[in-house]
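If you read the sequence shown in the numbering used here, its first letter stands for residue 5, the second for the next number, and so on.
C-beta: ideal position from N, C-alpha, C; glycine also.
Source: prediction; values computed, not measured.
Let me begin by presenting the structure, written as structure tokens, before commenting on it.
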Amino acid sequence: MSNDARPVRDALDNKANQLFAGRVVRKDLVRKVKVGANVPVFVLEFLLGKYCASSDEVAIQMGLQVVNDTLANNYIRPDESMRAQATVKDRGRHTFIDKVKVRIVDSDYWAEVTNFGHKNVHVPGHYVRDYERLVMGGIWAQVDMRFEYDEETRGKNPFWIDKLTPIQIATFDLEEYRRIRSEFTTDEWLDLMIRSMGYEPGEMSRRLKVLFLVRLIPLAERNYNLVELGPRGTGKSYVVQEVSPYSALLTGGTTVANLFGHMSGRQKGMVQIWDVVGFDEVADLQKMPKEVITTMKTYCESGTYQRGQEAVSGDASIAMFGNTNQPVDVMVQTGHLFAPMPDIIRDDMAFIDRMHFYLPGWEVPKMRNDLFTNHYGFVVDYLAEALREMRRHNFTEVIDRYFSLGAHLNARDRKAVRKTVSGLMKILFPHGEITQDDLAEILELALEGRRRVKEQLKKMGSFEYYHTSFSYTLQETGEEKFVGVPEQGGRDLISTDPLAPGTVYSAGVTSDGTVGLYRVEVSISTGTGKLKLAGGVAGAMKESVQRAFSVLQAKKTDLGVARDLDASDLHVEVIDLLANRVEAEVGVAFFVACYSALRKAPVSPALLVLGDMSVQGNIKPLRSLTEPLQVAKDNGAKRALIPIENKRNFLDVSADIMEHVDPIFYGDPKTAALKVIGAN
Numbered sequence: 005m006s007n008d009a010r011p012v013r014d015a016l017d018n019k020a021n022q023l024f025a026g027r028v029v030r031k032d033l034v035r036k037v038k039v040g041a042n043v044p045v046f047v048l049e050f051l052l053g054k055y056c057a058s059s060d061e062v063a064i065q066m067g068l069q070v071v072n073d074t075l076a077n078n079y080i081r082p083d084e085s086m087r088a089q090a091t092v093k094d095r096g097r098h099t100f101i102d103k104v105k106v107r108i109v110d111s112d113y114w115a116e117v118t119n120f121g122h123k124n125v126h127v128p129g130h131y132v133r134d135y136e137r138l139v140m141g142g143i144w145a146q147v148d149m150r151f152e153y154d155e156e157t158r159g160k161n162p163f164w165i166d167k168l169t170p171i172q173i174a175t176f177d178l179e180e181y182r183r184i185r186s187e188f189t190t191d192e193w194l195d196l197m198i199r200s201m202g203y204e205p206g207e208m209s210r211r212l213k214v215l216f217l218v219r220l221i222p223l224a225e226r227n228y229n230l231v232e233l234g235p236r237g238t239g240k241s242y243v244v245q246e247v248s249p250y251s252a253l254l255t256g257g258t259t260v261a262n263l264f265g266h267m268s269g270r271q272k273g274m275v276q277i278w279d280v281v282g283f284d285e286v287a288d289l290q291k292m293p294k295e296v297i298t299t300m301k302t303y304c305e306s307g308t309y310q311r312g313q314e315a316v317s318g319d320a321s322i323a324m325f326g327n328t329n330q331p332v333d334v335m336v337q338t339g340h341l342f343a344p345m346p347d348i349i350r351d352d353m354a355f356i357d358r359m360h361f362y363l364p365g366w367e368v369p370k371m372r373n374d375l376f377t378n379h380y381g382f383v384v385d386y387l388a389e390a391l392r393e394m395r396r397h398n399f400t401e402v403i404d405r406y407f408s409l410g411a412h413l414n415a416r417d418r419k420a421v422r423k424t425v426s427g428l429m430k431i432l433f434p435h436g437e438i439t440q441d442d443l444a445e446i447l448e449l450a451l452e453g454r455r456r457v458k459e460q461l462k463k464m465g466s467f468e469y470y471h472t473s474f475s476y477t478l479q480e481t482g483e484e485k486f487v488g489v490p491e492q493g494g495r496d497l498i499s500t501d502p503l504a505p506g507t508v509y510s511a512g513v514t515s516d517g518t519v520g521l522y523r524v525e526v527s528i529s530t531g532t533g534k535l536k537l538a539g540g541v542a543g544a545m546k547e548s549v550q551r552a553f554s555v556l557q558a559k560k561t562d563l564g565v566a567r568d569l570d571a572s573d574l575h576v577e578v579i580d581l582l583a584n585r586v587e588a589e590v591g592v593a594f595f596v597a598c599y600s601a602l603r604k605a606p607v608s609p610a611l612l613v614l615g616d617m618s619v620q621g622n623i624k625p626l627r628s629l630t631e632p633l634q635v636a637k638d639n640g641a642k643r644a645l646i647p648i649e650n651k652r653n654f655l656d657v658s659a660d661i662m663e664h665v666d667p668i669f670y671g672d673p674k675t676a677a678l679k680v681i682g683a684n
């Protein structure tokens with residue numbers, strides 16, 4: 005369909021127009037006008053809703069004319085500020101649409117009218133009291149301005165605001181909204197919501213539609229912490245920036261006072277004034293004072309924080325958006341999904357643990373023309389008002405109607421999952437009626453979004469975050485369902501496919517229970533029996549490899565590899581699968597890998613080799629078995645080669661692990677090699 009052709013109305017358009025007359029608008033009109041005017045969508049739709057909220061084509065065309073005239077005569081482009089000031093001076097007064105911010109200077113209020121280009125405009129004090137947001141970031145409004153020579157300043161500040169009308173819907177009837185919602189099916193309402201955001205659901209999978217809706221949760225749910233990392237150009241910050249007049253998007257750094265208010269309590273912080281505070285490029289947080297991050301950490305947990313003597317609370321949701329520079333499979337395989345975050349956050353596990361939902365931005369397509377809709381959706385400030393009104397309501401208990409949450413969810417996980425379900429309920433089922441199947445669908449998504457956060461913490465190797473087998477139980481039948489994460493590379497870091505000869509998985513564990521997972525790769529070239537180490541093999545790991553190599557040389561005849569070893573050089577590379585740089589002694593794994601490479605026989609698949617050896621070839625047991633085996637199980641291991649000395653530790657290993665990972669005990673390096681290589 006060419007853009008000029010009139011959109012064909014479908015059944016949903018007719019239904020929306022009939023039931024929400026005057027509160028829906030054709031979204032292609034918004035784009036048509038938007039091209040010529042750099043105004044936020046909610047300002048445009050305020051006008052379109054006023055003049056074009058009709059289904060009659062003639063009325064729409066006339067309305068469009070009015071909107072265009074209004075924008076031409078009353079909207080000031082930033083480069084036309086002088087012309088606008090001259091207009092007010094010549095005519096004595098003029099009405100226009102602009103963004104107004106107010107500041108206090110020596111007990112006087114001064115308005116900065118952004119595109120009008122004047123910072124000292126007189127503004128009546130009662131507006132500042134009525135609309136707090138004027139002093140916090142400013143609001144878009146219709147401004148009636150007059151020109152009057154100002155004696156005091158000798159004409160320096162001659163502009164006065166007579167009347168200020170914020171561009172926001174005047175009244176909103178929640179009961180009516182809920183009542184009309186019940187006349188739509190879930191699918192119809194889902195599509196209407198997607199169209200209200202400006203997208204065309206016809207092109208989308210059900211999953212993608214619901215992911216788009218997750219972007220709205222911060223607008224509907226108080227104190228909701230959302231993070232979305234994904235490629236550029238997928239419209240991550242669009243919702244915060246354009247859809248709601250109640251949200252503020254920060255680009256670049258900010259201060260503690262700005263976000264959380266002044267110590268004196270004289271000025272409120274953004275988290276007290278706005279419904280959502282979005283951070284457009286999380287990378288910019290790096291430049292912020294450390295205090296911003298520490299205060300935000302407290303705020304994200306409880307919605308309260310200390311300013312001076314006072315404990316202050318706010319209910320703004322925090323949304324963080326950032327760009328990923330690598331494909332997701334690379335991020336999953338080589339590190340974790342918070343890697344694009346600045347290290348001030350990335351290295352702070354407690355901060356990351358406060359995120360309620362990680363939206364997989366890589367699943368959202370880049371914005372193309374055919375993804376935008378030409379159909380009807382809500383006027384965005386009507387939608388913003390509906391979501392804002394729903395903030396007062398609470399649906400966190402709705403899960404309990406049919407389900408209970410699994411044992412692996414701790415208190416923070418439960419809170420996160422309940423808040424996500426509550427937010428999606430407010431968007432999709434504001435009337436509170438939901439079937440068990442629909443509830444299961446949004447519960448699974450909530451579990452997945454929270455699990456994605458938890459999985460990354462686990463990948464950072466911290467054992468306290470180890471319970472990530474998220475599940476829910478159906479109360480009726482007692483059936484337990486587990487919820488995974490689609491990109492779960494962490495699942496299969498240990499391949500269940502046969503590996504090339506010379507490749508072996510191994511693990512190490514530190515005294516605090518952090519686990520390192522490694523793939524040891526030994527390759528052979530013609531040579532004279534030398535050991536060649538790649539750059540990454542250093543410290544304790546390097547020493548363990550060298551010890552094992554001397555044992556290999558001492559036992560080469562016994563092992564039947566003397567001829568091959570003397571005529572070859574061994575090249576060793578160790579890949580750190582969790583990228584958490586844990587010092588690991590991988591002597592036995594290296595020994596087995598060498599034997600496998602020399603015999604050209606692969607080790608059995610999905611196998612983890614644990615243990616190290618002394619120069620004499622005596623086996624050194626591991627500090628602990630529980631953590632490495634847990635990591636191995638979570639990453640796909642089916643068998644583990646374990647030093648016989650660790651047999652007594654086996655009592656500590658949970659039944660869950662023993663069910664999935666078969667132990668193979670060994671007492672010396674040769675037995676180890678023969679037990680797991682296909683050539684025995």
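I need the DSSP call for residue i, collapsed to helix, strand or coil.
| i | result |
| --- | --- |
| His-575 | strand |
| Leu-449 | helix |
| Lys-272 | coil |
| Phe-50 | helix |
| Asn-229 | strand |
| Phe-669 | strand |
| Ser-426 | helix |
| Tyr-406 | coil |
| Val-12 | coil |
| Phe-24 | coil |
| Ser-85 | helix |
| Leu-626 | coil |
| Glu-480 | coil |
| Phe-486 | strand |
| Arg-396 | coil |
| Ser-248 | coil |
From the DSSP output, which residues share a beta bridge with residue i?
| i | result |
| --- | --- |
| His-122 | Val-117 |
| Pro-170 | Ala-145 |
| Trp-164 | His-126, Arg-150 |
| Arg-107 | Trp-114 |
| Leu-253 | Gly-282 |
| His-98 | Met-149 |
| Arg-523 | Tyr-509, Ile-579 |
| Val-45 | Per DSSP, none; premise fails for Val-45. |
What do you get for residue i, buried or exposed, if any count of 16 or more other CB atoms within 10 angstroms of its CB means buried?
| i | result |
| --- | --- |
| Lys-294 | exposed |
| Gly-493 | Any reading at Gly-493 needs caution, since the residue's pLDDT is 43, under 50, leaving its predicted position unreliable; the model's value is listed next. The residue in question, Gly-493, is buried, as its Cβ has 16 or more Cβ neighbours within 10 Å. |
| Met-371 | exposed |
| Arg-158 | exposed |
| Ser-243 | A quick correction: the sequence has Val, not Ser, at residue 243. Looking at its Cβ environment, which holds 16 or more other Cβ atoms inside 10 Å, Val-243 is buried. |
| Met-197 | buried |
| Tyr-476 | buried |
| Gln-65 | exposed |
| Glu-136 | exposed |
| Phe-342 | buried |
| Arg-95 | exposed |
Between which residues of its own chain and residue i is the CB-CB distance below 8 Å, once the five residues before and five after are set aside?
| i | result |
| --- | --- |
| Leu-263 | Gly-273, Met-274, Val-275, Val-281, Val-296, Thr-299, Met-300 |
| Asn-398 | Ser-426 |
| Arg-416 | Asp-357, Arg-358 |
| Asn-414 | His-471 |
Which residues in the same chain as residue i place their Cβ atom closer than 6 Å to its Cβ, once the five residues preceding and following it in sequence are excluded?
| i | result |
| --- | --- |
| Lys-167 | Asp-148 |
| Lys-430 | Ala-224, Met-394 |
| Arg-627 | Val-513 |
| Ile-438 | none |
| Met-324 | Val-231, Phe-283, Val-286 |
| Tyr-509 | Ile-498, Arg-523, Leu-612 |
Could you pull out every residue in the same chain whose Cβ sits closer than 7 Å to the Cβ of residue i, ignoring the five residues on either side in sequence?
| i | result |
| --- | --- |
| Ile-80 | Ala-88, Phe-100, Asp-102, Asn-119, Phe-120 |
At a cut-off of 7 Å, would you count residue i as near the ligand PLP, judging by its Cβ distance to the nearest heavy atom?
| i | result |
| --- | --- |
| Thr-675 | Looking at this structure, you won't find the ligand PLP or any other ligand, since it has none at all. |
Continuous alpha helix (DSSP H) assignments of at least 4 residues falling wholly in the region 541-624: Whole alpha helix (DSSP H) segments, 4+ residues: 543-558, 560-563, 566-570, 591-603.
Beta strand (DSSP E) runs contained entirely in the region 359-392, provided each spans 3 or more residues: 361-364, 380-382
Minimum length 4: unbroken alpha helix (DSSP H) runs contained in the region 311-339: 332-338
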